[in-house]
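Below is one structure; the comments refer to it alone.
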Amino acid sequence: MMAQTAEKLSRFGVSLKGDLLRRFDAYISREGYTNRSKAIADLIRKEFVADVFARGGAVAGAVTIVYNHHKRGVANKLLDIQYDHGGIIISAQRAHLDHDSCLEIIAVKGSGAEVRALADALKAVSGVRHATLSVTSAGK
Numbered sequence: 295m296m297a298q299t300a301e302k303l304s305r306f307g308v309s310l311k312g313d314l315l316r317r318f319d320a321y322i323s324r325e326g327y328t329n330r331s332k333a334i335a336d337l338i339r340k341e342f343v344a345d346v347f348a349r350g351g352a353v354a355g356a357v358t359i360v361y362n363h364h365k366r367g368v369a370n371k372l373l374d375i376q377y378d379h380g381g382i383i384i385s386a387q388r389a390h391l392d393h394d395s396c397l398e399i400i401a402v403k404g405s406g407a408e409v410r411a412l413a414d415a416l417k418a419v420s421g422v423r424h425a426t427l428s429v430t431s432a433g434k
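For reference, each letter of the sequence shown is one residue, going 295 to 434 in the numbering used here.
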């Protein structure tokens, strides 16, 4: 197994107005961070992922939908859309929430444009009550 080289840690200073710093400290406390450095690094990474997604670069993520599985044709339409986008779907899992509702979580990996197109197509299906798309880095 090849050893990974440790990336050099760099330090820099940040100047913030008192109110902004207090709000940031309250935020990182609520989020469970133990130091500002980790919180800042995570926020920077989050913005980089958003930028990659907006530019159509490679992302991974999940499309989560809740739909009425009793509505005529909705399940078949959702499956047809998934087959049309099969090149980016890693896996899908369905769970029955109650007598009428299904939750489906579709794991994806592909270009931001492809992932957005799948999410948009799924949420537009009549019978889909709610849909969300969450994206993250595709690995690096």
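Ideal placement from N, C-alpha and C gives every residue a C-beta, glycine not left out.
Local conformation of Val409 per DSSP, three classes: Helix.
Tell me whether the beta-carbon of Gly433 lies closer than 9 Å to the beta-carbon of Ala356. Annotated as distal: Gly433 and Ala356, with beta-carbon spacing of 9 Å or more.
List the DSSP bridge partners of Tyr361. Beta bridge pairing from DSSP links Tyr361 with Cys396 and Val422.
Beta-carbon within less than 7 Å of Leu416's beta-carbon, same chain only, minus the 5 sequence neighbours each way: which residues are those? Val357, Ile359, Leu372, Ile375, Val422 and Ala425
Quick test of the definition: if touching needs 3 or more C-beta pairs under 8 Å, does the region 338-352 touch the region 395-415? yes
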